[in-house]
């Protein structure tokens, strides 16, 4: 699909055979399944567009789908403008028609999420916030995949220096997932032009798939060929040499130079050398002005109006006439004349080249041009054009000084937000602030758009809005925004201070009336919930929030904000370690209502409280709901958080292979995201599982790569991280470092005031480690402190851990009794791996007590249970001690299932359940090629020929063992 043409080159290229061949090689590579990117660059007029025209219409793109678009100055600020330029001709945005794009196979599956970017006026596809960014990117990726399923695809975007940031970010997103796609992306940009989105363009240029192709000036032979086409008379070499020097070998300048010389009657010989130098000064601008000077004034007005309006469809030519003040009947005549003069492009209603556009606009005085822009904006607005198109003109006017301008810019920002294009919304809203410098609402809307792409700037605007706002309800809404923005940049203290002050003022206001309005009650609940969320994030604020929480009455849980409060209250209640029953009640009430109404964070937080209270079925159900909701809404961040949380939960239950699968999946997902450096839970969860699998080296290498700033300031994730590091060091034989990390964990938890014995049970690990180091006396105070907390919390797991810690540090017959008590308690708990460990320690204690027969019974149980849990390191050690004590047991070896990586297990389970490769890829936010690669590995490791055999193999173990308790199977949705 070609949209370009350069008539002054007579439809053919001169001196570009090398570059054309290079593009052809990249097209051939794409055809064979090797995705690539070519960035074509050069100065104005060097022939980029002509080269692209020859490429897409030549044999290099045979049997390939070619989508060819251009970016322009007027539309550069519109979100996804470059995307619409590429995909517009597919007609996918016409979803309202009976036979429209909703039925198109190109939009099947996740590709439908691309519609907000494609439609001129986005509908109700999602909330107008920056949170819609990822789903739209995800949808455009799958739209591209659907196109490549039809055959090799070439995306060509000309004048990419004008391209909007969101379109470029999508191209970057696409290229990072383009494994083996038959895809070629070609971007052409002007080297001397400052890009509209320099950072995004630089990121793309740095991509490993990127190839730079710079167009150099024509050689003297090429210049001679062009001269020969213009002048039929014999050409003197001196003329060619002078023309080459004056034009710099630039095809556009050379063509204009030769055309002007011919119009003056010059000949290509020595006598015209002076004329070449004279005409060559500002040749393009002079030639355009010379052409215009020879045309009537009304034709010149039409030309200037075309330059102001930018690219448009031919049926909108009436806008040109209205802006130029020329009757519609004469506009066609003017356009025809301008095309003959090569001022207007032959196939579209816009200047033939950006240089021509610049010459046309430069011919108008600055004040006149500003007035034209304002008139153009009014004209487009009155014609019912989308607000973003009108705003494109307003961004170029000297001042936004009329009320209607701010209204249009706000509307354009709302559309951009709905598209998931926050950068565009930001540009519109900053111009609104120019017109309304004291506007609170403009700052709030602007901060909402900035929250994801520049949260620090958003925070500054919200702080200004708080200073300006007088109404407490407005201040409360702004404070909520501020709190959520502060979470991303670790500014919880500032957020807690503001939210606390606003909440006090709001409660004072609402307390003066007899019955607060329901909307006021929900606003107060929202402020309370965000205060709890932000305050529980960092150690610097947790004490103040816990104090406020102690005075807070638990709400009913009838609204989303109330459920958020209950979820956070359940965590604080659980971490206080006093009443498991109350924590469970709060968590269950937090999970009431539909997933859409509840959201994901209340589900994730309440699942933690339930898991600490041994209510694992409810916890897993909440996490599964969160995962489903995140998948359905392409919310990748909450998906990763829920997956990591479930991995830690499954590990605590002794479902280590499943924990490994979840954690590995989360790690692979974040590897393709730019925000991966701000995430620690996936790596921590994976490292935790790897230690039990007997891979502490891999676990430590993973943890060492975590470089999140101020990690030690976080309330939850820092303690998970310390526990994982300590266990890895211990498994590597470095007990002293491990002990130091465990004691650090204890001190850090003391700072937070958290006293739940089951959360990051450092005291149990420290007791076992000190016993192994033959220093049990050092653990006395630690053990009694932890055991006291466990007795207060009262769950089977906590009591079993307390008995275990006491048993390993007591010794003698009393130690055996305590370990037997631990086995009994843990056997009633969901903590199967801890149960296996208790059996192992009891067996060891019985050996030391001279009871090898009793020892062998418990060591055999420990080895078998640990193997069933996937705790291979413990299983092998238990088997070793069993054999050393005279028992017999076959060698503990990894089953074929144990050879699978975490992601392979996840993919295999989905495939066995009947999901296709594409469905698996969409649900896990990975590529189809990645799914195919994992399945190939699964088939090889399990020695199966096709996916129909997976179900039986995945649920078959090669060693006998009693079945897991029924509640474990039920909690995982198995029969």
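Numbering (our numbering), first residue to last: 1197 to 2171.
Each residue gets a CB set at the ideal place from its N, CA and C atoms; glycine is no exception.
Where residue i falls: helix, strand or coil (DSSP)
i            : result
residue 1547 : strand
residue 1734 : strand
residue 1354 : strand
residue 1873 : helix
residue 1329 : helix
residue 1382 : strand
residue 1235 : strand
residue 2031 : helix
residue 2121 : coil
residue 1823 : helix
residue 2097 : coil
residue 1540 : strand
residue 1427 : coil
residue 1387 : coil
residue 2081 : coil
residue 1410 : strand
residue 1349 : strand
Distance between beta carbons of residue j and residue i, contact taken as under 8 Å
i            : j            : result
residue 1803 : residue 1782 : Wrong, their Cβ atoms sit about 12 Å apart, outside the cutoff.
residue 1643 : residue 1686 : Wrong, their Cβ atoms sit about 18 Å apart, outside the cutoff.
residue 1465 : residue 1417 : No, residue 1465 and residue 1417 are not in contact; Cβ-Cβ is about 19 Å, not under 8 Å.
residue 1954 : residue 2005 : So it is not a contact: roughly 19 Å between Cβ atoms.
residue 2000 : residue 2018 : 4 Å
residue 1499 : residue 1556 : 6 Å
residue 1850 : residue 2016 : Between residue 2016 and residue 1850 the Cβ distance is about 20 Å, and since that is not below 8 Å, they are no contact.
residue 2119 : residue 1827 : 5 Å
residue 1675 : residue 1731 : Contact flag wrong, Cβ pair sits at about 13 Å.
Any chain B beta carbon closer than 8 Å to residue i
i            : result
residue 1370 : The structure shown contains no chain B; it holds only a single protein chain.
Local Cβ density within 10 Å of residue i, reported as buried at 16 or more and exposed below that
i            : result
residue 1211 : buried
residue 1249 : buried
residue 1292 : Note on residue 1292: pLDDT 44, under 50, position unreliable in the model; the coordinate value appears next. By the 10 Å Cβ count, residue 1292 comes out exposed.
residue 1387 : exposed
residue 1952 : buried
residue 1154 : Since the first residue of the chain shown is 1197 and the last is 2171, residue 1154 is not available in this structure.
residue 1733 : buried
residue 1829 : buried
residue 1470 : exposed
residue 1614 : buried
residue 1673 : buried
residue 2126 : buried
residue 1600 : exposed
residue 1215 : buried
residue 1515 : buried
residue 2174 : The structure shown does not extend to residue 2174, since the chain is modelled only from 1197 to 2171, so the question has no answer here.
residue 1390 : exposed
4-residue-minimum alpha helix (DSSP H) runs that sit fully inside the segment 1942-2024, ordered along the chain: For the segment 1942-2024, whole alpha helix (DSSP H) runs of length 4 or above, ordered along the chain, are 1958-1968, 1976-1989, 1992-2006, 2008-2023.
Stretch-stretch touch, CB-based, cutoff 8 Å, three pairs: the segment 1418-1433 with the segment 1513-1523: Fewer than three beta-carbon pairs drawn from the segment 1418-1433 and the segment 1513-1523 are found closer than 8 Å, and the two stretches are therefore not classed as touching.
Touching by the beta-carbon criterion (3+ pairs, under 8 Å), the segment 1834-1854 and the segment 1335-1343: As far as the Cβ criterion goes, the segment 1834-1854 does not touch the segment 1335-1343, which means the pair count is below three.
Ranges of the alpha helix (DSSP H) found wholly within the segment 1496-1536, counting only runs of at least 4: The DSSP assignment places 1513-1520, 1524-1536 as complete runs of the alpha helix (DSSP H) inside the segment 1496-1536, in order along the chain (cut-off: 4 residues).
At least three beta-carbon pairs within less than 8 Å, the segment 1949-1969 to the segment 1910-1929: Below 8 Å, enough C-beta pairs join the segment 1949-1969 and the segment 1910-1929 to call them touching: three or more.
In chain order, each alpha helix (DSSP H) run of at least 4 residues that lies wholly inside the segment 1215-1294: For the segment 1215-1294, whole alpha helix (DSSP H) runs of length 4 or above, ordered along the chain, are 1244-1253, 1277-1283.
Secondary structure, alpha helix (DSSP H): runs of 4+ residues fully inside the segment 1672-1739: Counting whole runs of 4 or more residues, the segment 1672-1739 contains the alpha helix (DSSP H) stretches 1688-1707, 1714-1731.
Contact between the segment 1877-1889 and the segment 2057-2070 (3+ Cβ pairs under 8 Å): Three or more pairs of CB atoms, one per stretch, sit closer than 8 Å, so the segment 1877-1889 contacts the segment 2057-2070.
Any 3 or more C-beta pairs closer than 8 Å across the segment 1224-1237 and the segment 1402-1415: Of all C-beta pairs linking the segment 1224-1237 to the segment 1402-1415, three or more are shorter than 8 Å, placing the two stretches in contact.
Runs of alpha helix (DSSP H) lying entirely within the segment 1436-1473, each at least 4 residues, in chain order: You should have 1447-1459.
Stretch pair the segment 1636-1654 + the segment 1306-1313: three plus CB contacts closer than 8 Å: No, the segment 1636-1654 does not touch the segment 1306-1313.
Sufficient close CB pairs (3 or more, under 8 Å) joining the segment 1535-1553 to the segment 1613-1629: Flag = no, the segment 1535-1553 and the segment 1613-1629 do not touch.
Validate contact between the segment 2097-2114 and the segment 1850-1863 using beta carbons, cut 8 Å, 3 pairs: With contact defined as three or more Cβ pairs closer than 8 Å, the segment 2097-2114 and the segment 1850-1863 are in contact.
Segment contact, 8 Å Cβ cut-off, at least three pairs: the segment 1273-1290 with the segment 1583-1592: Touching, yes.
In chain order, each beta strand (DSSP E) run of at least 3 residues that lies wholly inside the segment 1569-1633: Complete beta strand (DSSP E) runs here, min 3: none at all.
The segment 1897-1907 contacting the segment 1927-1943, beta-carbon criterion three pairs below 8 Å: Too few Cβ pairs lie closer than 8 Å, so no.
Segment contact, 8 Å Cβ cut-off, at least three pairs: the segment 1722-1741 with the segment 1683-1701: Yes, the segment 1722-1741 touches the segment 1683-1701.
Inter-stretch contact (C-beta, 8 Å, three-pair minimum) for the segment 1809-1823 and the segment 1774-1788: As far as the Cβ criterion goes, the segment 1809-1823 touches the segment 1774-1788, which means the pair count is three or higher.
contact_flag[the segment 1215-1223, the segment 1240-1257] where n(CB pairs < 8 Å) is 3 or more: With a cut-off of 8 Å on Cβ pairs, the segment 1215-1223 is in contact with the segment 1240-1257, counting three or more such pairs.
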